[in-house]
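>
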Amino acid sequence: MIRTPKHLTKQESVNLGAYYTPPYLVDYAYRLLKKHVGIEKYTLLDTACGNKEFLKLHHPKKIGADIDPKCGALMINALVNPKRENYGISQDEPLIIVGNPPYNDRTSFIKQDIKNKDFIFEIDNDLKSRDLGISFLKSFAILKPAFICVLHPLSYLIKEANFKQLKLFKDHYRLLDALIVSSKSFTKSNEFPIVIALYERGRMDYADMRRFIFPTDCDTTLCLNDFDYIANYVDKYPNAKKVGACVGYFSLCETLTLLNATKLF
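Everything in the sequence shown is counted per the numbering used here, starting at 214 for the first residue and increasing by one.
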């Protein structure tokens with residue numbers, strides 16, 4: 214069952230990225246975190262807490278905030294001037310950020326007329342991205358927690374173009390552990406892989422992502438280096454820098470779908 218805030222319309226839920234996290238995924242996240250960290254001495258912070266699913270555990274100090282004034286937490290836009298003092302957290306306080314921050318491709322939703330074109334979600338310039346989730350990851354890096362344990366689309370890590378957008382984040386954090394799950398708890402169609410990711414202070418590059426072995430909740434694993442790619446052999450587009458015999462080119466299925474949809478194919 215897809216759970217969204219009852220006081221929000223479907224469009225408002227999309228605009229705010231407001232989809233509640235099922236308890237079993239919260240359990241997965243905390244199991245992953247506790248495997249590596251004794252969390253008792255840390256303050257737990259969820260900067261987009263929604264229904265506060267990540268803060269329902271018994272813990273000495275936990276703080277929730279959200280842009281939604283009706284969720285019963287600190288009303289803070291985490292993407293504007295993010296700093297610890299906004300949440301009453303000192304600079305030397307041991308901190309772990311947890312949660313399931315909003316993620317959506319803002320431009321794609323607008324094209325589908327699902328997202329309100331007039332909806333204004335204020336975001337600092339250095340945090341801006343076409344995807345809210347990437348903006349949230351950047352904001353976490355500014356708060357300098359010791360660990361970050363959050364859900365986000367796997368594509369942020371395995372798609373190189375997305376990974377490059379994470380510069381502010383990837384230059385200060387490295388992936389320590391992960392678990393791939395399905396988005397089926399959040400969407401009725403077009404399932405895609407979500408990763409429960411645990412990060413620690415450090416840095417990472419795309420070669421690290423290609424080598425990383427991602428466990429899944431289906432008792433399998435995923436490693437990008439285990440795959441070969443058509444682009445290594447056949448060009449996607451004509452390449453003026455390559456001189457040689459004529460070779461074929463391939464088109465993506467999404468390109469063919471677009472041509473068909475626009476009656477050009």
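Backbone N, C-alpha and C fix where the C-beta goes; we use that ideal spot for every residue, glycine too.
When you compare each of Y386, F376 and C362 to I355 by their alpha carbons, which one comes out closest?
If we check each option's Cα against that of I355, Y386 comes out closest.
> May I ask you to report which of helix, strand or coil DSSP gives K269?
coil
> Tell me whether D439 sits in a helix, a strand or coil according to DSSP, three-state version.
helix
> Considering only the alpha carbon of each residue, which of I361, S396, A410 and I336 lies closest to L370?
A410
> Quick one: using the 10 Å Cβ neighbour count with 16 as the cut-off for buried, is T256 buried or exposed?
Buried, since its Cβ has 16 or more Cβ neighbours within 10 Å.
> Based on the DSSP output, what are the partners of S395 in its beta bridges?
Partner(s): P406.
> Within 10 angstroms of its Cβ, does Q325 collect 16 or more other Cβ (buried), or is it exposed?
The predicted position of Q325 is uncertain, since its pLDDT is 44 and thus under 50; a value taken from the coordinates is nonetheless stated next. Answer is exposed; the Cβ neighbour count stays below 16.
> Please give me, in chain order, every unbroken run of the alpha helix (DSSP H) with length at least 4 that falls completely inside the segment 343 to 382.
345 to 356, 368 to 371 and 373 to 377
> Starting from A278, follow the beta strand (DSSP E) in both directions and report where the run begins and ends.
K275 to D279
> Taking the beta strand (DSSP E) that D259 falls in, what are its first and last residues?
T256 to D259 is the span of the beta strand (DSSP E), which, as asked, contains D259.
> Please confirm whether L270 and Y233 have their CB atoms less than 9 Å apart.
no
> Going by Cα to Cα distance, which pick from K357, P366, D384 and V408 is closest to Q304?
K357
> What residue range does the alpha helix (DSSP H) around N246 cover?
Sequence inspection shows Leu at residue 246; the Asn mentioned does not correspond to that position. That run of the alpha helix (DSSP H) goes P236 to K247.
> Have a look at D441, Y412, V394 and P315 and flag the residue whose alpha-carbon is nearest the alpha-carbon of P428.
V394
> Given I336, which residues of its chain have a CB within under 6 Å of its CB, disregarding the five upstream and five downstream residues?
L292 and S348
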